[in-house]
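Using our numbering, the letters of the sequence shown correspond one by one to residues 2 to 115. One structure is given here, and the rest of the page talks about it.
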Amino acid sequence: MSQSFFRKLLPKGALQDYSLLRILVNTLPDQVYVKDTSGRYILNNFAHARALGVASPEEAAGKSDFDFYPEELAERYRADEQEIVQSGRPLVDKELSNLDEEGNRRWHSITKVP
C-alpha cells in the first residue's frame with residue numbers, strides 16, 4: 002500500500018511509525034503478514050510476496066488466501082485464523098505441509114497471533 006493511502010488513514014506522525022514498520026518487516030527473511038478481520042492482506046513483506054508468487058507486497062494488498070491458494074488450503078488457513086481471533090489465543094509453531102507448483106512437498110512452521 003502506498004504512503005499516500007496511509008497518510009489519509011493515519012493520525013499525524015503515525016506515517017513515520019508505519020514507514021519504520023515497513024522497513025523492519027521487509028528486512029526479515031521470514032514471511033510476515035497482517036490481515037484484516039475479513040482475511041484480506043493489509044501488510045506483508047517481500048518474503049511473503051515471493052511465496053504468494055507476486056512481485057511486491059503491494060500486489061497482495063486487499064486479496065485473501067483464496068486468491069493465491071487452492072480452496073482446501075485457503076479454507077484451512079481461514080479456519081485457523083477464525084479460531085485464533087475468537088479464542089484470543091495464538092497458534093504457535095504449527096507444522097503444515099503442502100505441495101508447491103512443481104509437486105514438491107514443502108513443510109512450514111507457522112505462528113499466528115490475534
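Every residue, glycine too, gets a C-beta built ideally from N, C-alpha and C.
Measuring CA to CA, which of the options is closest to residue i?
| i | options | result |
| --- | --- | --- |
| ILE85 | GLU60, ILE111, GLU103, PHE67 | ILE111 |
| LEU25 | GLU60, ASP37, LEU44, ASP66 | LEU44 |
| ASP101 | LEU21, PRO71, TYR34 | PRO71 |
| ALA56 | GLN87, ASN46, GLU103 | ASN46 |
| LYS113 | TYR34, ARG107, TYR42, PHE67 | TYR34 |
| ASP37 | ARG23, SER65, TYR19 | SER65 |
Does DSSP put residue i in a helix, a strand or coil?
| i | result |
| --- | --- |
| SER65 | coil |
| ASP94 | strand |
| GLU59 | helix |
| MET2 | Because the pLDDT at MET2 is just 49, under 50, the model does not fix this residue reliably, and the value given afterwards should be weighed accordingly. MET2: coil per DSSP, three-state reduction. |
With a cut-off of 8 Å, does the C-beta of residue i fall near any C-beta of chain B?
| i | result |
| --- | --- |
| VAL114 | No chain B is part of this structure, which consists of one protein chain only. |
For a quick check, are the C-beta atoms of residue i and residue j less than 8 Å apart?
| i | j | result |
| --- | --- | --- |
| ALA50 | ASP31 | no |
| GLU73 | GLY40 | no |
Please find out if some non-hydrogen atom of the ligand MN comes closer than 7 Å to the beta-carbon of residue i.
| i | result |
| --- | --- |
| GLU59 | Summarising the ligand content, the structure contains no ligands, and the ligand MN is consequently not present. |
Give every residue of the same chain whose Cβ lies closer than 7 Å to the Cβ of residue i, excluding the five residues on either side of it in the sequence, and list them in chain order.
| i | result |
| --- | --- |
| LEU53 | ALA61, PHE69 |
| ASP94 | SER110, THR112 |
| ARG106 | SER98, LEU100 |
For residue i, I'd like the list of residues in its chain whose CB is within less than 8 Å of its CB, leaving aside the five on either flank, ordered along the chain.
| i | result |
| --- | --- |
| GLY89 | PRO115 |
| LEU29 | ASN46, ALA48 |
Starting from residue i, follow the alpha helix (DSSP H) in both directions and report where the run begins and ends.
| i | result |
| --- | --- |
| TYR78 | 72–88 |
| ARG51 | 47–53 |
For the beta strand (DSSP E) containing residue i, name the first residue and the last one.
| i | result |
| --- | --- |
| SER110 | 106–113 |
| VAL33 | Premise fails: VAL33 is in no beta strand (DSSP E) and is neither H nor E. |
Go through its chain and collect everything with a Cβ distance to residue i's Cβ below 6 Å, but skip five positions before and after it.
| i | result |
| --- | --- |
| ALA80 | none |
| GLN87 | none |
| PRO91 | VAL114 |
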